[in-house]
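Residue numbers (the working numbering), protein chains in the order written: chain A, 1 to 282; chain B, 1001 to 1297. Built from N, CA and C at the ideal position, the CB exists for glycine as well.
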Amino acid sequence: MAPAIVVLLVVFAYPIARSFWLGFFAQNLGTELQPVFIGLNNYVRILGDQHFWQTFWITLRFTVLSVALELILGLGIALVLNRAFQGRGAVRTIAILPWALPTALIALGWTWIFNDQYGIANDILLRLGLIETGINWLGEPFTATVALIVADVWKTTPFISILLLAGLQSIPQDLYEAYAIEGASPWQSFWQITLPLLIPQIVIAVLFRFAQAFGIFDLMQVMTGGGPGGATEVVALYIYANAMRYLDFGYASALIVVTFVLLVAVIALCSFIISRLRKQTV
Amino acid sequence: MSTSLNSDSIATDNAVKPGKRSLTFGTILFWLAVVAIVIFCLAPILWQVLTSFKVNEDIAAIPNIYFPTRITFDHYIELFTRRPFGRYILNSGFVSITSTLVCLAIGTPASYALARSRPRGSNLIRLGILFVTLFPSILLLQGLLEIVQVFNLGNNYLALIIPYTAMNLPLTILVMGSFFAQLPQDLEDAARVDGFSTWQMLVQILTPLTLPALVTTGILTFIAAWNEFIFALTFITDDTMKTIPVASAQIGGSSVFEVPYGPIAAATVIGTIPLVILVLLFQKQIVQGLTSGAVKG
């Protein structure tokens, strides 16, 4: 027990506690990297920091769109994989493959797919006659966001479909049969049995994905570096730049605290919903 | 929900049997969906594989050449001769395997203690553990960097092994804990009568029984460690000590205008092969681990 607790304290508790502490200090090149107590000044600065709020909204938009798409696609895939068909084992294996691969390498792959000159994304769209000239995918704010969301959806939909598939398998078959006898169509039984009974799994999957997507770093770092012109700069990239490039450790700490508190709030909300749902179903 | 360990046996009983094997509109639609899933999941990977075997003229052809006109291994050869990719594979392998072993070695006793002896506040510990699994790495980076600097661990694999162990401990404790909780208490009582200490019992009796659970958590830990990016990027700056994801992301050409697409594609293929093999061999365990890890929440 003891070694596990020590490792968890060192890697999780200390850095967060340290950020809370350092958030009250200025420690940057201006103070010659010595901590100087400044009270709540870092937090006041965050309130007026347009750049931070821009990264915040970019992150939130990315997170909400990605997770929503992943949920819809993941549910569809789970429903397909829940049926018995020849070769289901092989399709299941293929369907978890993207989840297992490193995000940084995935990002390299998608950068190549969305390459403005030689990318296959443009080639397919050109051949289908959907566009007349190649799109500079990663060079324009809107299309760069689209490309990032596509890459993230590809990589993490399997995670959601695995969780939802487990949920689908725990729904007793009798329920569907009883409902079908009463003359319900498959469409009705989906809305009245499948979806309501799947809600706990959906909330859990969304909670995990929300936390991961909100802290995402490697995908943007590799695919766009936050560009073009900061259009895909997420909170993690901004924190990284403050700590590693501007060496503004005090301010980076305050940013970490704010992000941490926002995340905790979302997690608490989700946990509350889950516990309410569990009480209802018991 | 807690018995997701047997999910596959449930799966076969529970799966909806498709109706008659006639070609109705519904079955056609269903098979189209299956094909779409396969293409969706495989196409981006295949495109990297194809690119990695193309000669440069094919790679830069407009309109695109889908299948290589002639197959070349030059991009792979370049990675291993002009760049230390053999070394990178060893680095990633060493860090990932060590983290996995350490994680199992300290996580297993912890999960046993939590599942059996119920120390005071074990629920609180469990809650804390769950909470920790939701942490994005960026929030820990700066604090860990300080620790790395104070203990002079920059360019030392411990700077990666310790965080990777910690990041995977929660999952290990949850998955292993649920396995221990399922084992009958009688077994341990009998062992105690025979004079086994708790530690002997854990090593000699319980661990062999929980080998499947060890494999499950070990694979998930290995995958997470192999894939990690931000700590590996920050704590390791010595070029020969880098891991595969970081080294691949930093492949550059001789000038800004000359991006070496072929070697990059080859690097992504090399970096994903070990994981593809793991998924092919242990698909079932991965699914079990993920579902029981997440659903325990």
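- A residue is called buried once 16 or more other Cβ atoms fall within 10 Å of its Cβ, and A:L22 is buried on that count.
- DSSP places B:D1058 inside the alpha helix (DSSP H), whose first and last residues are N1056 to I1059.
- Listed along the chain, the chain B residues whose CB falls inside 7 Å of the CB of A:S19 are Q1142 and G1143.
- For the stretch 100–119 of chain A, the set of positions with a beta-carbon nearer than 9 Å to some beta-carbon of chain B reads A100, L101, P102, T103, A104, L105, I106, A107, L108, G109, W110, T111, W112, I113, N115, Q117, Y118 and G119 in chain order.
- When DSSP states are grouped into helix, strand and coil, B:F1135 belongs to the coil group.
- For A:V11, there is no enclosing alpha helix (DSSP H), as DSSP marks it with neither H nor E.
- The Cβ-Cβ distance between A:L165 and A:L81 falls below 8 Å.
- Judged by beta-carbon spacing, A:F25 lies beyond the 8 Å limit of A:Y238, meaning their Cβ atoms are not closer than that value.
- Across the stretch 237–260 of chain A, CB contacts with chain B closer than 8 Å involve I239, Y240, A243, M244, F249, A252, S253, I256, T259 and F260, in sequence order along the chain.
- Nearest C-alpha to A:I216 among A:T232, A:I204 and A:P228: A:T232.
- In the structure shown, the three-state DSSP call for A:A184 is coil.
- When the beta-carbon positions are compared, B:L1050 and B:A1267 stay at least 8 Å from each other.
- Within the same chain, E70, L73 and G74 come within 6 Å of A:T157 by CB-CB distance, once the 5 residues on both sides are set aside.
- With respect to the 8 Å criterion, A:T93 and B:V1038 are not classified as neighbours on the basis of their beta carbons.
- About 24 Å separates the Cβ atoms of A:A100 and A:T224, ruling out a contact at the 8 Å cut-off.
- When DSSP assignments are scanned along the stretch 1157–1195 of chain B, the uninterrupted stretches of alpha helix (DSSP H) that are 4 or more residues long and fall wholly within it turn out to be 1158–1182 and 1185–1193.
- Secondary structure note for A:W112: its alpha helix (DSSP H) is the uninterrupted segment T103 to I113.
- The C-beta distance from A:P141 to A:P35 rounds to 37 Å, too long to fall under 8 Å, and the pair is not in contact.
- Take the alpha-carbon of A:S19 and the one of B:Y1066: they are about 50 Å apart.
- At a Cβ-Cβ threshold of 8 Å, B:M1176 and B:S1096 do not count as neighbours.
- In summary, A:V6 is exposed, with fewer than 16 beta-carbon neighbours lying within 10 Å of its beta-carbon over all protein chains present.
- Put simply, the stretch 1209–1228 of chain B does not touch the stretch 1056–1075 of chain B. Fewer than three CB pairs are less than 8 Å apart.
- Taking CB atoms only, B:L1042 has a neighbour in chain A less than 8 Å away.
- Distance from the Cα of B:P1044 is smallest, within the candidate group A:I46, A:S185 and A:W154, for A:W154.
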